[in-house]
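Protein chains in written order, with my numbering: chain A, 1 to 200; chain B, 1 to 82.
Working notes for the structure below.
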């Protein structure tokens, strides 16, 4: 229990610090790297809570896919980021005020909430199942429709991203499969009578 | 202090959410950092699937917009203004 508390405070401190660095870094590449650090620390917190599967999902999907996607786009776009950084200091007061408002609202809700004092540990799966096996058991049975809905959302995102970024350049030779398949012997083969001792 | 309860985790999520909201306001010119702040907010709310979809779609829109206009400054995005 003691070690768990120590690790919680370490992960929480690094998570908050890296989240602050994400929004205040001068260079967006540094922002993305701090975002990766934040995701890794959040994964550590999930491990502490006993949700190993979610922690690993966070590392694999968020660090491995989403953050790398951000990194690609930041490096792909040739943008003068120093210019975009203007107004950061000017908006610092209003940003702080709005952040205080949001924090105050959340705190107000939390005051009215009767917090549970017991340690936050996920309900142990019955029958000696591992975390992942227990999740898989309900994911494909009890929550099947939610699982399918999540899949549909991701499919929509994938199709949308491809449609938005795919472009066909004019003047590039491309394979036209329909034209190939639609060829008949009449159009495909041409028979010529070649006269003797003369070319075509 | 040494017994970590659900309250600790929820407080941490609230802090993360607040940092994300502040990030959107402070970086109101840089849409990439805005998207990253949205990622932080969705991480705080434990919305994983939608966050992944949002990142993919948002960055695809960004790339398509940059190709057409050559700029992604939020101030320049006014094509609907007429």
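Glycine included, each C-beta is placed from N, C-alpha and C at the ideal position.
The model shown is predicted, which means the values in this text are computed figures rather than measured ones.
Give the interface partners of residue i over in chain B, defined as CB-CB distance under 7 Å, in chain order.
| i | result |
| --- | --- |
| residue 169(A) | None at all; the shortest Cβ gap to chain B is about 12 Å. |
| residue 8(A) | 4, 8 |
Could you have a look at residue i and say whether DSSP puts it in helix, strand or coil?
| i | result |
| --- | --- |
| residue 55(A) | helix |
| residue 78(B) | coil |
| residue 70(B) | coil |
| residue 5(B) | strand |
| residue 30(B) | strand |
| residue 168(A) | coil |
| residue 142(A) | coil |
| residue 41(A) | helix |
| residue 162(A) | helix |
Assuming residue i is part of the alpha helix (DSSP H), what are its boundary residues?
| i | result |
| --- | --- |
| residue 49(A) | Taken as a continuous stretch (DSSP letters only), residue 49(A) belongs to no alpha helix (DSSP H), as it is neither H nor E. |
| residue 131(A) | 131-139 |
| residue 105(A) | 92-112 |
| residue 188(A) | 185-188 |
| residue 196(A) | Premise fails: residue 196(A) is in no alpha helix (DSSP H) and is neither H nor E. |
| residue 74(A) | 67-76 |
Would you call residue i buried or exposed, if buried means 16 or more other Cβ atoms sit within 10 Å of its Cβ?
| i | result |
| --- | --- |
| residue 8(B) | buried |
| residue 230(A) | In the structure as shown, chain A begins at 1 and stops at 200. Residue 230(A) is therefore absent and cannot be evaluated. |
| residue 62(A) | buried |
| residue 34(A) | buried |
Residues of chain A with a CB under 7 Å from the CB of residue i: which are they?
| i | result |
| --- | --- |
| residue 33(B) | 23, 28, 31 |
| residue 60(B) | 160, 161, 164, 165 |
| residue 73(B) | 84 |
Starting from residue i, find everything on chain B with Cβ-Cβ shorter than 9 Å and list it in chain order.
| i | result |
| --- | --- |
| residue 86(A) | 29 |
| residue 70(A) | 32, 35, 36, 39, 55, 59 |
Check the Cβ of residue i against every Cβ in chain B and list those closer than 8 Å, keeping chain order.
| i | result |
| --- | --- |
| residue 81(A) | 30 |
| residue 4(A) | 4 |
Under 8 Å between beta-carbons, which chain A residues line up against residue i? List them in chain order, please.
| i | result |
| --- | --- |
| residue 45(B) | The premise fails here: residue 45(B) is roughly 12 Å from chain A at the closest Cβ pair, so nothing lies under 8 Å. |
Checklist entry - Between the segment 3-25 of chain B and chain A, which residues of the former have CB atoms less than 8 Å from a CB of the latter, in chain order? => result 3, 4, 5, 6, 7, 8, 9, 10, 11, 12, 14, 15, 16, 17, 18, 19, 20, 21, 22, 23, 25
Item to check | Interface positions of the segment 91-103 of chain A facing chain B (Cβ-Cβ less than 8 Å), listed along the chain | outcome: 91, 92, 94, 95, 96, 98, 99, 102, 103
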